[in-house]
Amino acid sequence: ETIRISVENNVDSTELYSQAVDLLNEGEVVAFPTETVYGLGAVATNDQAVKKIFKAKGRPSDNPLIVHIGTIDEVSHYIEYIPENARKCMDAFWPGPLTIVMKAKDNILAPSVTAGLETVGLRMPSHPVALKLLQTLKKPVAAPSANRSGKPSPTKAQHVEEDLQGIIPLILDGGTTGIGLESTVLDVTVNPPVILRPGGVTKEMLEDVIGQVMQPNQEQQKLDSTPKAPGMKYTHYAPNAPVYLIESNKELVHKALIKLKNEGKKVALLAPVSYKELQSDFFFQIDHEGVQLYDALRSCDKTDASIILATATTVEGVGAAIMNRLEKAAGGKWFEAEYE
Ligand code: TXA
Ligand code: MG
2 ETIRISVENN VDSTELYSQA VDLLNEGEVV AFPTETVYGL GAVATNDQAV
52 KKIFKAKGRP SDNPLIVHIG TIDEVSHYIE YIPENARKCM DAFWPGPLTI
102 VMKAKDNILA PSVTAGLETV GLRMPSHPVA LKLLQTLKKP VAAPSANRSG
152 KPSPTKAQHV EEDLQGIIPL ILDGGTTGIG LESTVLDVTV NPPVILRPGG
202 VTKEMLEDVI GQVMQPNQEQ QKLDSTPKAP GMKYTHYAPN APVYLIESNK
252 ELVHKALIKL KNEGKKVALL APVSYKELQS DFFFQIDHEG VQLYDALRSC
302 DKTDASIILA TATTVEGVGA AIMNRLEKAA GGKWFEAEYE
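So for the sequence shown, the UniProt record's numbering puts the first residue at 2; every next one is plus one.
Okay, here's the thing in structure tokens:
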């Protein structure tokens with residue numbers, strides 16, 4: 002049985018964290034909220050514990066985990082040499098949704114965390130529950146998103162329950178997460194630094210602080226035969242029914258809905274609220290902030306939709322992160338180009 006402890010209305014009550022802290026110290030895994038998505042954490046120096054994360058999620062062991070810390074001072078415990086760019090990013094964006102990939106010190110973190118890489122991604126989250134947990138535990142916590150591998154990341158405790166009920170001992174419930182998209186992953190071991198995963202901290206925001214930053218698009222990532230973010234090669238955010246991207250154009254979406262209906266398909270439409278008036282079988286609102294994206298993708302699985310259409314957004318600012326997740330959910334499929 003999975004226990005769920007609500008800390009939402011009592012974020013500072015140390016008592017509410019004692020079970021989570023004890024379980025983590027005993028080498029167990031615990032789900033907790035961050036400002037991006039819920040994480041499934043284990044003490045990052047305990048290899049047995051970290052292995053339980055991979056098992057619970059059904060995650061391939063060659064995909065490394067992000068290490069969460071409660072203070073900036075701790076960085077030097079895990080990192081050989083802190084590049085100037087990294088220091089500037091920490092000062093500007095921590096605590097917050099930015100993961101910084103740097104060269105790790107040897108033999109400090111559990112081998113499963115880095116999946117054999119020489120680097121590690123560190124992040125200091127800003128969610129008060131995550132911070133309180135880390136600062137009470139006083140240990141680094143390795144945590145991927147708390148979903149079964151391949152499913153949309155959880156933005157509510159209930160999503161974690163849907164995926165991991167009976168598999169993990171405890172969920173700290175801090176309500177709905179803020180941003181709803183995972184952190185930006187920035188590799189500062191290369192020059193200029195490269196965004197391995199776009200997120201809430203945008204290219205524009207990073208460039209204001211450290212100058213030029215590269216953000217490879219989906220096509221460029223595919224051409225790179227050895228992806229730098231190992232997670233890039235796996236299926237992500239996939240609901241049960243196939244997802245197709247479609248241009249944000251009401252006339253086009255309208256025609257697509259008619260065509261699909263004539264074929265006897267049941268359609269779930271993910272689009273801005275103004276598309277609600279079109280006659281789709283199911284409608285879930287997504288906007289240009291990304292907050293409801295994973296909830297909308299998960300909601301499709303509670304319908305009997307046989308196909309999902311999602312309207313594209315711009316790739317400016319946070320739009321880059323939203324389109325990145327939508328393209329992964331769709332496996333790169335566009336309605337116009339591929340559907341017949
Ligand atoms: O917002 C987030 O980052 C959430 C919350 C829980 O903090 N965590 C999260 O973790 O999204 P996960 O494991 O689902 O995604 C981590 C991503 C993966 O794409 C992984 O390949 C990449 O970061 N990554 C981790 N360590 C890396 C490293 N050393 N080098 C390159 N990529 C790395
Ligand atoms: Mg994930």
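C-beta: ideal position from N, C-alpha, C; glycine also.
All values reported here derive from a predicted model rather than from experimental measurement.
{"Item": "Contact set for S226: own chain, Cβ-Cβ below 6 Å, skip 5 residues either direction", "Value": "Because the pLDDT at S226 is just 49, under 50, the model does not fix this residue reliably, and the point stays unresolved."}
{"Item": "Terminal residues of the beta strand (DSSP E) in which P34 lies", "Value": "31–34"}
{"Item": "The alpha helix (DSSP H) enclosing T115, as first and last residue numbers", "Value": "112–115"}
{"Item": "Near the ligand TXA: S113 beta-carbon under 7 Å from a heavy atom", "Value": "no"}
{"Item": "Short Cβ contact (8 Å threshold) for G291 with G181", "Value": "yes"}
{"Item": "Contact test: V44 Cβ vs the ligand TXA heavy atom, cutoff 7 Å", "Value": "no"}
{"Item": "Where Q280 sits in the DSSP three-state scheme", "Value": "coil"}
{"Item": "Bridge partner(s) assigned by DSSP for H69", "Value": "R124, V142"}
{"Item": "Where V319 falls: helix, strand or coil (DSSP)", "Value": "coil"}
{"Item": "Boundaries of the alpha helix (DSSP H) in which I169 is found, first to last residue", "Value": "Counting along the chain, I169 falls outside any alpha helix (DSSP H), and DSSP gives it neither H nor E."}
{"Item": "The stretch 95–115 touching the stretch 35–52, judged by at least three CB pairs closer than 8 Å", "Value": "yes"}
{"Item": "Close Cβ partners of Q213 (< 6 Å) along its chain, the five nearest in sequence each way excluded", "Value": "P193"}
{"Item": "Which of helix, strand or coil DSSP assigns to R149", "Value": "coil"}
{"Item": "Spatially closest choice to P217 from A272, V186, V254, by CA coordinates", "Value": "V186"}
{"Item": "Closest Cα partner of D296 within the set N148, L24, G28", "Value": "N148"}
{"Item": "Contact set for V51: own chain, Cβ-Cβ below 6 Å, skip 5 residues either direction", "Value": "A43, A111, S113, V114, A143"}
{"Item": "Heavy atom of the ligand MG within 7 Å of S300 beta-carbon", "Value": "no"}
{"Item": "G265 versus K139, D282, V254, residue with shortest Cα-Cα distance", "Value": "D282"}
{"Item": "Cβ-based burial, G59 [other Cβ within 10 Å; buried from 16]", "Value": "exposed"}
{"Item": "Nearest residue (CA-CA) to T315, options D305, R326, I308", "Value": "R326"}
{"Item": "Check: E183 C-beta below 7 Å from any heavy atom of the ligand MG", "Value": "yes"}
{"Item": "Backbone CA spacing between V268 and H237 [nearest angstrom]", "Value": "21 Å"}
{"Item": "First and last residue of the uninterrupted alpha helix (DSSP H) at M91", "Value": "85–94"}
{"Item": "Helix, strand or coil at A43 according to DSSP, with G and I counted as helix", "Value": "strand"}
{"Item": "Proximity test, S127 beta-carbon vs the ligand MG heavy atom, cut-off 7 Å", "Value": "no"}
{"Item": "Near the ligand TXA: I67 beta-carbon under 7 Å from a heavy atom", "Value": "yes"}
{"Item": "Where A257 falls, given that 16 or more other Cβ within 10 Å makes a residue buried", "Value": "buried"}
{"Item": "Residue 1 (DSSP reduced to helix, strand or coil)", "Value": "Past the boundaries of the shown model lies residue 1; the chain is included only from 2 to 341, so the question cannot be answered."}
{"Item": "Cβ-based burial, E16 [other Cβ within 10 Å; buried from 16]", "Value": "exposed"}
{"Item": "Closest residue to L271 among V161, I309, Y79, L138 (Cα-Cα distance)", "Value": "I309"}
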